[in-house]
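**Student:** Protein sequence lines correspond, in order, to chains P and V. Residue numbering for the first sequence follows our numbering, beginning at 33 and increasing consecutively. Residue numbering for the second sequence follows our numbering, beginning at 15 and increasing consecutively. Ideal Cβ placement from N, Cα and C applies to all residues, glycine included.
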Amino acid sequence: MTDFLQLLIVGISQGCIYGLIALGFVLIYKATEMVNFAQGEMMVVGSFIAWTFVVGMGFNFWVGLSAAMVVMAVFGFLLDAAVVRRIIGQPQFSVVILTIGIGIILRAGSGMVWGNQPLTMPTPFPGNSEFFGAVVGNERLAIIGTTVLLIGGLVLFFRCSRWGVALMASSQNQLAALYSGIPVRFVFSAVWAGAAVISTIAGTMLAPITLIEPLNSFLGIKAFAAAVIGGFHSITGAIAGGVLIGVVEAFAGAYLPGARETIGYIIMFAVLIAWPGGLFGRAHRKKV
Amino acid sequence: MSLLAVQNLSLSFGGLKAVDDVSFSIEPGEVYAVIGPNGAGKSTLLNMISRFYHPSRGEILHDGKSLLECDASEIPARGIARTFQNIELFERATVLQNLLVGRQVHNTVPDWRQFVFTPDIMRAEREHRRKVEEIIDFLEIAHYRDMHVSGLPYGVCKKVELARALAVEPELLLLDEPASGLNPEETEEMGFWIDDIRRDLKITVLMIEHDMSLVDEVADRVLVLANGRVLTEGKFDDVKSHPDVVRAYLGETL
Chain P
33 MTDFLQLLIV GISQGCIYGL IALGFVLIYK ATEMVNFAQG EMMVVGSFIA WTFVVGMGFN
93 FWVGLSAAMV VMAVFGFLLD AAVVRRIIGQ PQFSVVILTI GIGIILRAGS GMVWGNQPLT
153 MPTPFPGNSE FFGAVVGNER LAIIGTTVLL IGGLVLFFRC SRWGVALMAS SQNQLAALYS
213 GIPVRFVFSA VWAGAAVIST IAGTMLAPIT LIEPLNSFLG IKAFAAAVIG GFHSITGAIA
273 GGVLIGVVEA FAGAYLPGAR ETIGYIIMFA VLIAWPGGLF GRAHRKKV
Chain V
15 MSLLAVQNLS LSFGGLKAVD DVSFSIEPGE VYAVIGPNGA GKSTLLNMIS RFYHPSRGEI
75 LHDGKSLLEC DASEIPARGI ARTFQNIELF ERATVLQNLL VGRQVHNTVP DWRQFVFTPD
135 IMRAEREHRR KVEEIIDFLE IAHYRDMHVS GLPYGVCKKV ELARALAVEP ELLLLDEPAS
195 GLNPEETEEM GFWIDDIRRD LKITVLMIEH DMSLVDEVAD RVLVLANGRV LTEGKFDDVK
255 SHPDVVRAYL GETL
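#1: Are the C-beta atoms of serine 87 of chain V and some chain P residue less than 8 angstroms apart?
#2: Taking 8 angstroms as the threshold (C-beta atoms), are alanine 234 of chain P and isoleucine 53 of chain P in contact?
#3: With alanine 239 of chain P and tryptophan 83 of chain P assumed to form a contact (beta carbons below 8 angstroms), what rounded beta-carbon distance in angstroms separates them?
#4: Along the chain, which unbroken stretches of the alpha helix (DSSP H) at least 4 residues long are found entirely within the segment 70-116 of chain V?
#5: For proline 289 of chain P, count the other beta carbons within 10 Å of its own beta carbon; 16 or more makes it buried, fewer makes it exposed. Which is it?
#6: If you compare alpha carbons, which of V/Cys171, V/Arg243, V/Asp151 is closest to aspartate 210 of chain V?
#7: Check each residue of the segment 102-132 of chain V: if its Cβ is closer than 7 angstroms to any Cβ of chain P, include it; give the result in chain order.
#8: Within a Cβ cutoff of 7 angstroms, which residues of the same chain sit near leucine 268 of chain V, ignoring the five residues on either side of it in sequence?
#9: Taking the straight line between their C-alpha atoms, what separation do you get for leucine 59 of chain V and lysine 254 of chain P?
#10: From P/Val86, P/Glu293, P/Phe109, pick the residue whose C-alpha is nearest to that of alanine 222 of chain P; which is it?
#11: Check whether the segment 184-202 of chain V and the segment 153-165 of chain V touch, using three or more Cβ-Cβ pairs below 8 angstroms as the test.
#12: If contacts are defined as beta-carbon pairs under 8 angstroms, then phenylalanine 312 of chain P and threonine 268 of chain P qualify, I think. What distance do you get, rounded to the angstrom?
#13: If I measure Cβ to Cβ from lysine 319 of chain P and keep anything under 8 angstroms in the same chain, skipping five residues before and after, which residues do I get?
#14: Of all the residues that make up the segment 207-222 of chain P, which are near chain V by a beta-carbon distance shorter than 7 angstroms?
#15: Can you check which of these residues, V/Val119, V/Leu17, V/Asn121, is closest to aspartate 77 of chain V by C-alpha distance?
#16: Which stretch, first to last residue, makes up the alpha helix (DSSP H) that contains serine 227 of chain V?
#17: Just verifying my parser: in three-state terms, what is the DSSP assignment at serine 37 of chain V?
#18: Need the endpoints of the beta strand (DSSP E) that methionine 221 of chain V sits in, please.
#19: Can you tell me whether DSSP reads glutamine 122 of chain P as helix, strand or coil?
#20: Whole angstroms is fine: what's the gap from phenylalanine 218 of chain P's alpha carbon to leucine 59 of chain P's?
#21: With isoleucine 187 of chain V and alanine 95 of chain V assumed to form a contact (beta carbons below 8 angstroms), what rounded beta-carbon distance in angstroms separates them?
#22: Considering only the alpha carbon of each residue, which of P/Pro308, P/Phe301, P/Gly309, P/Ile41 lies closest to glycine 165 of chain P?
#23: Can you have a look at cysteine 192 of chain P and say buried or exposed, based on whether 16 or more other CB atoms are within 10 angstroms of its CB?
#24: For valine 320 of chain P, which three-state DSSP category applies?
#25: Tell whether a beta-carbon distance below 8 angstroms holds between isoleucine 89 of chain V and tyrosine 211 of chain P.
#26: Please report the residue range of the alpha helix (DSSP H) in which aspartate 252 of chain V lies.
#27: In angstroms with no decimal places, state the Cα-to-Cα distance between alanine 201 of chain P and phenylalanine 104 of chain V.
#28: If contacts are defined as beta-carbon pairs under 8 angstroms, then glycine 47 of chain P and valine 279 of chain P qualify, I think. What distance do you get, rounded to the angstrom?
#29: At what residues does the alpha helix (DSSP H) containing alanine 198 of chain P begin and finish?
#30: From the beta carbon of valine 197 of chain P, is the nearest beta carbon of chain V less than 8 angstroms away?
#31: Suppose you measure from the CA of phenylalanine 91 of chain P to the CA of serine 45 of chain P; what does that come to, to the nearest Å?
#32: Given this structure, state the Cα-to-Cα distance separating phenylalanine 301 of chain P from glycine 93 of chain V, to the nearest angstrom.
#33: Give the DSSP-derived three-state secondary structure of leucine 268 of chain V in the structure shown.
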């Protein structure tokens, strides 16, 4: 029972990280119908930048994280405004190649700047907490807490703010949004900025646990699976998909050693066979 | 002063002169129609006025000020709204939500205060809602208010799109083929709306239309385009018997 609880909490916290990166996929896809395969690499670059502020320059963890979020917001915005936007109107395939290419550049580039050796990051949440006998690191609980806060904030943003509504409107119909006075191009670049910021938060919260190295970007592939499981359209779906993969992985690690790295994709296939639209997907059927 | 003055407007796509040296002006309060055979450059003209395309030459003056420095998304704030030939709506939103998005140019609450429901924000929200309800009553779409657009019949979508343009409270309304896809009764009804929009709401209308019965019914003046050039301009009755117009529509051999 104690083991069960412990694995569950560790799995949920790991899943929250997948879910946050998946959220980046979903936000960009929902708004612009592009899949950003560089999402995992954006997370790595974000956490390296946070490391530079916190360890390299000696700032407080939160100050360093906030500064990294600002830097990555600018980076994400410019990446769309200067590079990705130019490919609008080209086949989907070009977008895929472009973002994979950006990912490779970011991964190799971060290796050149920060090195390929894992870097350690101090945690602002030292120590452990105990729940009914299960001992869990506080930094894992912090990940869960941050995710809940972030999702709450995002839902509020979409429901209540003008920019949230502008984003939903732009994603449904760009022409109609444009002539309702919404600066659609700015909104799209802002979405890229938002996705970069969310992955920076995910990467930096994870850093004290896993260390920071360019190879972490492969978490992006698991996050992609999480987004697919969630239906690629919904915030809740992304987080739920991430948590599902995280929890199953944690249990597989304990009881099915060897299956740990593949189990997430097996779930993805199973979900796609049973519910082709994903667990939280909407049915999209073409009207004839 | 003219509400809208188009001066020597030209746009080429590669070697094709889609619009070639077109000039005209629209006075406040009139319904101005642009007609012409397919490929005459009507839609291109409308897309330049609404800043979707940038002309290669010429000037567009609105209230005496150039429109050319505006981005398309700034057009509604200048008091210009438009509809589309193929209906552009927020499909997964309700009719009411579609119209409320149209009110966004009149949303003057600072961004940081959107999360706090202070009394003045509530009042502003109620005012937007009241305005939208007026438009819903005006176009008689109350029945569809809370329905999702994706399930509505074509004719209703056409009205919803017109309603969203009206929610902008424009002084100039650009209509791209308001009657396309409508049956004869719906077309006649559309004519009544356009008349009401001009008379009751005091909105000037620039429309592109293929349906001559509608043009005859509502337009004060008509501009005829063919191959990107102006053939003639004037009252519909004079224009329709103009030899160049007859030739453009029916061909040289007649």
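**Tutor:** Concretely, from the data shown:
#1: Translated into the one-based positions of the second sequence, residue 87 of chain V becomes position 73. Proximity of serine 87 of chain V to chain P, defined by a Cβ-Cβ separation below 8 angstroms, is satisfied.
#2: For the purposes of this step, residue 53 of chain P is taken as residue 21 along the first sequence, with counting starting at 1. For the purposes of this step, residue 234 of chain P is taken as residue 202 along the first sequence, with counting starting at 1. Cβ distance < 8 angstroms, so isoleucine 53 of chain P and alanine 234 of chain P count as in contact.
#3: Here residue 239 of chain P corresponds to residue number 207 of the first sequence, with the count starting at 1. Here residue 83 of chain P corresponds to residue number 51 of the first sequence, with the count starting at 1. With a Cβ gap of about 7 angstroms, alanine 239 of chain P and tryptophan 83 of chain P count as contacting.
#4: For the segment 70-116 of chain V, whole alpha helix (DSSP H) runs of length 4 or above, ordered along the chain, are 109-116.
#5: As a first step, residue 289 of chain P must be located in the first sequence, where it is residue number 257. In summary, proline 289 of chain P is exposed, with fewer than 16 beta-carbon neighbours lying within 10 Å of its beta-carbon over all protein chains present.
#6: The residue labelled residue 210 of chain V in the question sits at position 196 within the second sequence. Comparing Cα-Cα distances from aspartate 210 of chain V to each of V/Cys171, V/Arg243, V/Asp151, the minimum goes to V/Asp151.
#7: Within the segment 102-132 of chain V, the qualifying residues are Glu102, Leu103, Phe104, Glu105, Arg106, Ala107, Val115, Gly116, Gln118, Val119, Asn121, Asp125, Gln128, Phe129.
#8: On the second sequence, position 254 is the one that residue 268 of chain V refers to. For leucine 268 of chain V, the pLDDT reaches just 46, beneath the cut-off of 50, and the residue's location in the model is therefore unreliable, although a value from the coordinates is still provided. Cβ-Cβ distances below 7 angstroms link leucine 268 of chain V to nothing in the same chain once the five nearest sequence neighbours on each side are left out.
#9: Numbered from 1 along the second sequence, position 45 holds the residue referred to as residue 59 of chain V. Numbered from 1 along the first sequence, position 222 holds the residue referred to as residue 254 of chain P. Their Cα atoms are separated by approximately 49 angstroms.
#10: Position 190 of the first sequence, counted from the first residue, corresponds to residue 222 of chain P. Ranked by how close their Cα comes to the Cα of alanine 222 of chain P, the residues P/Val86, P/Glu293, P/Phe109 have P/Phe109 in first place.
#11: Result no; under three Cβ-Cβ pairs closer than 8 angstroms.
#12: Here residue 312 of chain P refers to the residue found at position 280 of the first sequence. Here residue 268 of chain P refers to the residue found at position 236 of the first sequence. Taking C-beta atoms under 8 angstroms as the contact rule, phenylalanine 312 of chain P and threonine 268 of chain P qualify, at a distance of about 6 angstroms.
#13: Position 287 of the first sequence, counted from the first residue, corresponds to residue 319 of chain P. Interpretation of lysine 319 of chain P is limited by its pLDDT of 47, a score under 50 that renders its predicted location unreliable; no figure is taken from the coordinates.
#14: For the segment 207-222 of chain P, which is checked against every Cβ of chain V, the residues closer than 7 angstroms are Leu207, Ala208, Leu210, Tyr211, Ser212, Gly213, Ile214, Pro215, Val216.
#15: As a working mapping, residue 77 of chain V is identified with position 63 in the second sequence. Closest option to aspartate 77 of chain V, Cα to Cα, is V/Leu17.
#16: What you label residue 227 of chain V is simply residue 213 of the second sequence in a count that begins at 1. Run containing serine 227 of chain V: 226-232, per the alpha helix (DSSP H) assignment.
#17: Position 23 of the second sequence, counted from the first residue, corresponds to residue 37 of chain V. Strand, per DSSP.
#18: Within the second sequence, the letter at position 207 stands for residue 221 of chain V. Where methionine 221 of chain V is concerned, the enclosing beta strand (DSSP E) stretches over 218-222.
#19: In the first sequence, residue 122 of chain P corresponds to position 90, counting from 1. In the structure shown, glutamine 122 of chain P adopts coil according to DSSP, grouped into three states.
#20: Counted from its first residue, the first sequence places residue 218 of chain P at position 186. Counted from its first residue, the first sequence places residue 59 of chain P at position 27. Their backbone Cα atoms lie some 15 angstroms apart in a straight line.
#21: In the second sequence, counting from the first residue as 1, residue 187 of chain V sits at position 173. In the second sequence, counting from the first residue as 1, residue 95 of chain V sits at position 81. For clarity, residue 187 of chain V is leucine in the given sequence; the question names isoleucine instead. Yes, leucine 187 of chain V and alanine 95 of chain V are in contact; Cβ-Cβ is about 6 angstroms, under 8 angstroms.
#22: Translated into positions along the first sequence, residue 165 of chain P becomes position 133. Glycine 165 of chain P has its Cα closest to that of P/Ile41, out of P/Pro308, P/Phe301, P/Gly309, P/Ile41.
#23: Indexing the first sequence from 1 puts residue 192 of chain P at position 160. Burial call: exposed.
#24: Looking up residue 320 of chain P in the first sequence gives position 288. Its pLDDT being 49, under 50, valine 320 of chain P is placed unreliably by the model, and the measurement read from it follows with that caveat. DSSP, reduced to helix, strand and coil, places valine 320 of chain P outside both helices and strands of the structure shown, so it counts as coil.
#25: As a first step, residue 89 of chain V must be located in the second sequence, where it is residue number 75. As a first step, residue 211 of chain P must be located in the first sequence, where it is residue number 179. Against a cut-off of 8 angstroms, the Cβ pair of tyrosine 211 of chain P and isoleucine 89 of chain V comes out as a contact.
#26: Numbered from its first residue, the second sequence carries residue 252 of chain V at position 238. It spans 250-254 - the alpha helix (DSSP H) in which aspartate 252 of chain V sits, taken as one unbroken run.
#27: Start at 1 with the first residue of the first sequence, and residue 201 of chain P comes out as number 169. Start at 1 with the first residue of the second sequence, and residue 104 of chain V comes out as number 90. Going by the C-alpha atoms only, they are around 7 angstroms apart.
#28: Looking up residue 47 of chain P in the first sequence gives position 15. Looking up residue 279 of chain P in the first sequence gives position 247. Rounded, the Cβ-Cβ distance is 6 angstroms, consistent with contact.
#29: Here residue 198 of chain P corresponds to residue number 166 of the first sequence, with the count starting at 1. Segment 194-204, the alpha helix (DSSP H) holding alanine 198 of chain P.
#30: The residue you call residue 197 of chain P lines up with position 165 of the first sequence. It does: the Cβ of valine 197 of chain P has a partner Cβ on chain V nearer than 8 angstroms.
#31: Along the first sequence, read from residue 1 onward, the residue named residue 91 of chain P stands at position 59. Along the first sequence, read from residue 1 onward, the residue named residue 45 of chain P stands at position 13. Using only the alpha carbons, I get a separation of about 26 angstroms.
#32: The residue you call residue 301 of chain P lines up with position 269 of the first sequence. The residue you call residue 93 of chain V lines up with position 79 of the second sequence. If you draw a straight line from the Cα of phenylalanine 301 of chain P to the Cα of glycine 93 of chain V, it is about 52 angstroms long.
#33: For the purposes of this step, residue 268 of chain V is taken as the residue at position 254 of the second sequence. Confidence in leucine 268 of chain V is poor, its pLDDT being 46 and thus under 50, which makes the residue's placement unreliable; the coordinate value appears in the next sentence. If DSSP states are grouped into helix, strand and coil, leucine 268 of chain V belongs with coil.
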